[in-house]
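In my numbering, the protein residues as written are 77 to 650. Okay, so here's the structure we're looking at.
Right, dumping it as structure tokens:
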């Protein structure tokens, strides 16, 4: 005869043999509270690490059914064991999902390793402790010792990453978005290329972000404009970085500094820029922005520095805007004149109150302006020297502009409308130098560069070739006419037009005949330069470069001492 069991019977069965199989979790096991809709209910204890099997009769259909269920649950130890196995399986499937949803120090570590691998970390200027990374997640103290890494010890997460000017070369990996505790990220002055990953939008705690001066390209990701904690955003000096500044920029109301310059950002500046009432510095110059500055900018009462020059963006003439602009300490840009033409098309800009457009002036108007980009100087390419040539047959006038990797030829005959014709590349395509010097003799240009370690020689170019340039196919790439290979590089060249001798200073490489002193070349036949002599005095010059000559000027002597009449005298500082 079956004994009747009370309907509120609750029985607990210890299962110590499976306790070790379940790691402690948070309250996710609460999801498993109801296991049987109308019969047995599972009530988990505080932690599944010390799990008990507990059943209680709920909503019984009858005393008999409830008693039967309670008795069955009590007696059927195998049933409870099966139930707990089901719990274990379900929790084990949830565990990876939970681990992915909650970022940890391990995620930070993996993100840093991905950055190291993606940007040739073994070549960084400083990679202290980065190369010691193992297959095991380091603790917070160890990670904090990595160069440029700061760990918030209380949170146990990476909070700052400072790798400015550290030789990073490669792409930003999407893993950067795992560093969700970052408040400070500086990767400026490196050699990053490719696009900015959209995952950067995951760094919602960022207050400082600088990717300035690299080779980033593509459009600015929309996710950047969602980082509402930002106080400093600097993504300028990336010549191939484009896109627009969208209305969402108005969401970044904490911004103090916004730099998006020297790139390919296009379109108009949105009215929402006026929401950035904490902004003190705004640099958006040398892009492809057009139109007028938004009138909403008069709300930027804290703005002290504004630069928008070098594009078709100008200041509206409304009185209120002009009055506001007068209160901004530093302004670089132009008013919108009536029927304003692009600067490179030759709109004359008068010198007014010490400014002619973007430039300071005194009693001199600005006739025209070509930017670096207008003469083929791409990202990080410097412009360094200028010379000129007038064609004796056509009277066309040309500016010869030195760049790090070439010489630009610009027709300046119509001074209001200069025309960039093209460039003469270095003899050695890898020879990039911050200094290049040019001189002209007998309608030929003589070019030297400071590309130490390269066999660039002295380039010679017949300038009369500029007469036949196809103006419909600009810019052209010119080819040198001859090359003097007795040197590898030189700092300056001086050509004495009365004698037909070229004097090269600070020369290196080649046959090294003259050390770093004066290297003299006969260019009387420009197409056949020949070595003429040298002057080298080791007791002068610089301590690290004895005998070095930096520059030179030579004249034919016509002074009072008849003994030296007609002699060539050179003055050369060391």
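Built from N, CA and C at the ideal position, the CB exists for glycine as well. Just so it is clear, the structure is predicted and the values come from calculations on it, not from any experiment.
Proximal residues to residue i (C-beta, below 6 Å), its chain only, five neighbours per side dropped
i           : result
residue 464 : 475
residue 422 : Legend: pLDDT at residue 422 = 48, less than 50; position of this residue unreliable, value from coordinates given subsequently. Closer than 6 Å at Cβ, skipping near neighbours: 444, 492 and 493.
residue 447 : 386
residue 473 : 466, 488 and 489
residue 558 : 536 and 603
Among the options, nearest to residue i - alpha-carbon criterion
i           : options               : result
residue 203 : 336, 225, 231 and 362 : 225
residue 634 : 550, 644 and 521      : 644
residue 452 : 405, 497, 320 and 329 : 497
residue 291 : 283, 303, 313 and 250 : 313
residue 518 : 541, 479 and 576      : 576
residue 265 : 221, 259, 310 and 274 : 310
residue 367 : 337, 404, 410 and 239 : 410
residue 181 : 193, 212 and 195      : 212
residue 196 : 384, 431 and 247      : 247
residue 482 : 365, 537 and 624      : 537
Backbone CA spacing between residue i and residue j [nearest angstrom]
i           : j           : result
residue 295 : residue 603 : 48 Å
residue 214 : residue 201 : 23 Å
residue 632 : residue 508 : 35 Å
residue 535 : residue 357 : 44 Å
residue 244 : residue 267 : 6 Å
residue 198 : residue 208 : 11 Å
residue 642 : residue 636 : 12 Å
residue 395 : residue 371 : 11 Å
residue 284 : residue 237 : 10 Å
residue 363 : residue 427 : 24 Å
residue 386 : residue 263 : 26 Å
residue 613 : residue 598 : 21 Å
residue 127 : residue 205 : Residue confidence for residue 127 is low, a pLDDT of 37 falling below 50, so the modelled location carries little weight; the figure read from the coordinates is stated next. So the two alpha carbons sit approximately 43 Å from each other.
residue 646 : residue 574 : 13 Å
residue 393 : residue 627 : 49 Å
residue 380 : residue 478 : 35 Å
residue 440 : residue 424 : 11 Å
residue 177 : residue 189 : The predicted position of residue 177 is uncertain, since its pLDDT is 38 and thus under 50; a value taken from the coordinates is nonetheless stated next. Each residue's Cα considered, the two are about 20 Å apart.
residue 521 : residue 454 : 23 Å
Residues that residue i bridges to, as DSSP identifies them
i           : result
residue 284 : 260 and 308
residue 364 : 342
residue 520 : 517 and 538
residue 584 : 565
residue 473 : 466
residue 459 : 479
residue 545 : Looking at the DSSP assignment, residue 545 forms no beta bridge with any residue, so it has no partner.
residue 501 : 482
residue 559 : 535
Whole-angstrom C-beta distance between residue j and residue i, which should lie under 8 Å
i           : j           : result
residue 345 : residue 376 : Contact flag wrong, Cβ pair sits at about 12 Å.
residue 593 : residue 611 : 5 Å
residue 279 : residue 255 : 6 Å
residue 355 : residue 334 : 6 Å
residue 300 : residue 270 : Their Cβ separation, rounded to whole angstroms, is 15 Å, which puts residue 300 and residue 270 out of contact at 8 Å.
residue 564 : residue 584 : 6 Å
residue 568 : residue 513 : 5 Å
Same chain only: Cβ atoms within 8 Å of residue i, ignoring 5 sequence neighbours per side
i           : result
residue 58  : The requested residue 58 does not occur in the structure, where the chain is confined to residues 77 to 650.
residue 257 : 179, 184, 228, 231, 233, 234, 235 and 281
residue 397 : 369, 371, 373, 374 and 391
residue 102 : A caution first: residue 102 carries a pLDDT of 38, below 50, which makes its placement in the model too unreliable to give a value.
Beta-carbon proximity list for residue i, same chain, < 7 Å, skipping 5 on both sides
i           : result
residue 435 : 442
residue 601 : none
residue 640 : 633
residue 596 : 577, 579, 608, 609 and 610
residue 407 : 382 and 401
residue 348 : 323, 325 and 326
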